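Here the structure is laid out as structure tokens; the discussion comes afterwards.
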Amino acid sequence: MLNDLQNSQLIKTYGVPSIALSLALQRQEEVDIYTADFVRHYLHISEYFDIISVDTVRSRDRGIPLYNDARQAFGLVRKNSFAEISSDPDVQKRLQDTYTTVDRVEALMGGLAEDHVNGGNFGELFYKSFSDQWIKSRAADRFWYENADAGFSKEDIAKIQTTTLLDIIKRNTPDSYYPQNVWFVQPPASSKLPENTNNGYNSPLSLSNDYNIQWKMDSTTITFLITMSSTNSWFGIGFNPNGNGMTDTDMMIFWNENNSVTGKNFKGIGLGIVPKQLDNNDQIITISNQKVEGGLTSLEVTRPINNKNRKSLDGDIEMVYAWNPNSHSLTYHGGNRGKRMINFRTGTTTDLTDNRRRLLKMHGIAMFSVWGVLFPCK
């Protein structure tokens with residue numbers, strides 16, 4: 001792979017669609033303290049050149065704080081033992097043999113050794129470092145697309161926020177096939193979703209290959225039958241008549257843990273911000289039936305069609321949805337999201353993926369090449 005990156009003929013030989021598809025389907029290696037010898041000695045400067053050693057020495061030359069000092073500087077709690085850094089006994093032993101005490105661990109190795117935050121690629125130190133730096137870079141950029149100086153209208157910003165990397169790739173390679181999620185390799189569906197269910201429900205509306213919903217209504221309530229082809233997942237549906245995506249969205253989020261499904265009402269805050277779980281006295285959904293078996297999770301959940309301070313489900317409304325088939329914890333959905341305009345009374349629905357994600361023709365292939373290499377699919 002490293003040799004191929006230096007091959008200027010790679011795209012000409014295989015074509016962008018083939019390379020893009022390969023990147024989307026190849027799982028990344030784990031981010032940890034281990035580095036393949038091929039990578040360590042890739043730059044053939046001398047027989048003894050070791051790029052990881054160079055990175056370690058460079059951090060000393062630049063005055064990078066030690067691991068615990070760096071954690072403290074970022075407002076994190078100092079670690080008191082190697083077991084607090086990593087739950088892996090082998091990693092603990094290697095750190096112990098190298099540094100003898102926790103306070104001598106260097107930031108690079110300590111950061112790589114940390115147990116990852118839930119659903120992430122890094123531990124707390126790197127997560128905090130990356131997060132703080134990107135937020136500061138965004139705040140300092142007057143031409144960030146959400147700022148007034150960028151020149152975009154509210155409608156433009158809404159379209160940008162609902163444009164995905166997959167949309168950009170497809171615009172530039174319209175006759176090619178790609179998986180629905182180009183960021184994360186999706187697990188095989190653990191079981192086939194049912195094609196139909198009676199008991200008064202409409203035909204299933206497929207939100208993805210492993211996620212569908214059905215519903216039935218009376219004069220005051222709507223009951224959803226939700227099915228997910230995973231027994232270790234979270235999944236959610238939100239409603240917003242204003243078309244503002246995640247902002248101010250009335251959400252229902254469910255998660256499956258230990259063969260039991262829990263569901264709560266949340267409120268969407270904005271793009272990239274964790275939704276807020278509502279207080280118990282503001283919960284309006286009721287789970288009446290749930291079943292976890294045969295690789296499927298299904299549940300029936302009822303909510304009022306109209307409720308004070310909530311989105312009415314009468315008439316046309318924008319429905320947003322997201323899911324993570326790999327984790328029951330409310331972690332990043334990894335690109336598993338979508339939106340539709342829907343009318344639950346009439347059953348009409350329109351996929352907004354293509355109808356509203358039209359803004360500017362960007363140099364999408366260049367963007368994909370950079371992001372696909374720097375942040376490979378998992």
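At the far end of the sequence shown sits residue 378, using the UniProt record's numbering, and the numbering has no gaps. Note that CB positions come from ideal geometry on N, CA and C, so glycine has one too. Computed from a prediction, not measured in an experiment: that's the story for all the values here.
- In this structure, the beta-carbon distance from residue 72 to residue 82 does not fall below 8 Å.
- In the DSSP assignment, residue 42 falls outside any beta strand (DSSP E), carrying neither H nor E.
- Between the region 219–234 and the region 315–335, the count of Cβ pairs shorter than 8 Å is three or higher; the stretches touch.
- By the Cβ rule, the region 296–303 counts as touching the region 219–231, because three or more pairs are nearer than 8 Å.
- Beta-bridge annotation (DSSP): residue 277 is paired with 266.
- The Cβ atoms of residue 94 and residue 33 sit closer than 8 Å to each other.
- Residue 208 is bridged by DSSP to 211.
- Between the alpha carbons of residue 23 and residue 48 lies a distance of about 32 Å.
- Inter-residue distance for residue 351 and residue 269 is about 23 Å (C-alpha atoms, whole angstroms).
- For residue 146, the number of other beta carbons within 10 angstroms of its own is below 16, and it is reported as exposed.
- A buried status is given to residue 208, since no fewer than 16 other beta-carbon atoms sit within 10 Å of its beta-carbon.
- A direct Cα-Cα distance of roughly 46 Å separates residue 59 from residue 262.
- The beta carbon of residue 278 sits closer than 8 Å to the beta carbons of 264, 265, 266, 267 from its chain, once the five residues preceding and following it are set aside; these are given in chain order.
- Within a 10 Å sphere around the beta-carbon of residue 338 sit 16 or more other beta-carbons, which makes this residue buried.
- In the displayed model, residue 110 falls within a helix according to three-state DSSP.
- Beyond the five residues adjoining it in sequence on each side, residue 276 comes within less than 7 Å, by CB distance, of 266, 267, 269 in the same chain, given in chain order.
- Scanning 335, 13, 255 for the CA closest to the CA of residue 182 turns up 335.
- With distances taken between CA atoms, residue 115 lies nearest to 88 out of 88, 129, 128, 139.
- Shown here for residue 312: same chain residues with a beta carbon closer than 6 Å to its own, the five before and five after excluded, namely 306 in chain order.
- Buried is the label assigned to residue 255, since at least 16 other Cβ atoms lie within 10 Å of its Cβ.
- Non-local C-beta neighbours of residue 41 in its own chain, meaning closer than 7 Å and more than five positions away in sequence, comprise 49, 50, ordered along the chain.
- Within the region 100–180, complete alpha helix (DSSP H) segments of at least 4 residues are found at 107–113, 124–139, 154–161, 165–172, given in chain order.
- Following the DSSP letters along the chain, one finds residue 322 inside the beta strand (DSSP E) bounded by residues 316–324.
- Under DSSP, residue 289 shares a beta bridge with 300.
- The continuous beta strand (DSSP E) containing residue 257 extends over residues 250–257.
- Excluding the 5 residues flanking it on each side, residue 55 has same chain C-beta neighbours closer than 7 Å at 108, in chain order.
- CA-CA distance, residue 139 to residue 222, rounds to 42 Å.
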